[in-house]
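This report concerns only the one structure given below.
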Amino acid sequence: MRQLKALVALLIVGLALSGCAQTYGGGTYKGGQTRMSHTVQYGTVEQINDSVIEDNPSGLGALGGAVVGGVLGNMIGGGKGRVLTTLGGAVAGGAAGYAGEQAMKTKKAIEITVRLENGQVMSVVQEPDETFMVGDRVRILTGSDGSARVRH
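Structural data, given as structure tokens:
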């Protein structure tokens, strides 16, 4: 029975964390951004740098990890030692859950610097869902919320 509880808790944490991932590519739009107009500017890629996108952790990973760790710790301990193994499992599980969520919320990205036709220079950070090279002619789409994306 204890193993079943631990398995159920682990599955719940896994499902919760899988829903936390977001994408930030140039071709990805949120529901509220569809059917909205975007300002389009044209330019030439001047520079491309590797970058990283880090979202703030929600705490679900730490919470779920603490629950699973506590359940597993409770299964291991016996008598008065059960309290210590439950607490130790909760702390270790919380730390592991936090680290796991942080890893899921860290994505490779690129910073694309573009010289627009009007001479202005603009930089956009996004996931590398397209291949860009210095000298490419590109479009920058800017939404009314200020979000921008680079597309071919």
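Going by mature numbering (1 follows the signal peptide of the UniProt record, and there is no 0), the letters in the sequence shown line up with residues -21 to -1, 1 to 131, in that order.
Backbone N, C-alpha and C define an ideal beta-carbon position, used for all residues, glycine too.
Only a predicted model underlies this, so the values are computations on that prediction, with no experimental measurement involved.
The alpha-carbon of Leu63 is positioned some 14 Å away from that of Gly72. Going by DSSP, Thr65 is part of no beta strand (DSSP E) but of the alpha helix (DSSP H) stretching over Gly60 to Met83. Beta bridge pairing from DSSP links Leu95 with Gly22. Annotated as proximal: Pro107 and Ile89, with beta-carbon spacing under 8 Å. For Thr65, the number of other beta carbons within 10 angstroms of its own is at least 16, and it is reported as buried.
Between Val70 and Val93 the beta-carbon gap is near 47 Å, outside 8 Å, which marks them as no contact.
Taking 8 Å as the cut-off, the Cβ atoms of Ala127 and Val100 do not count as close. Thr23 sits away from Thr121, with the two beta carbons spaced by 8 Å or more.
Residue pairing by DSSP places Glu109 opposite no residue, since no beta bridge is assigned to it. In the three-state DSSP reduction, Met101 falls in the strand class (E or B).
Note on geometry: alpha-carbon atoms of Gly49 and Gln105 lie some 38 Å from one another. Rounded to the nearest whole angstrom, the C-alpha separation of Gly79 and Glu96 is 43 Å.
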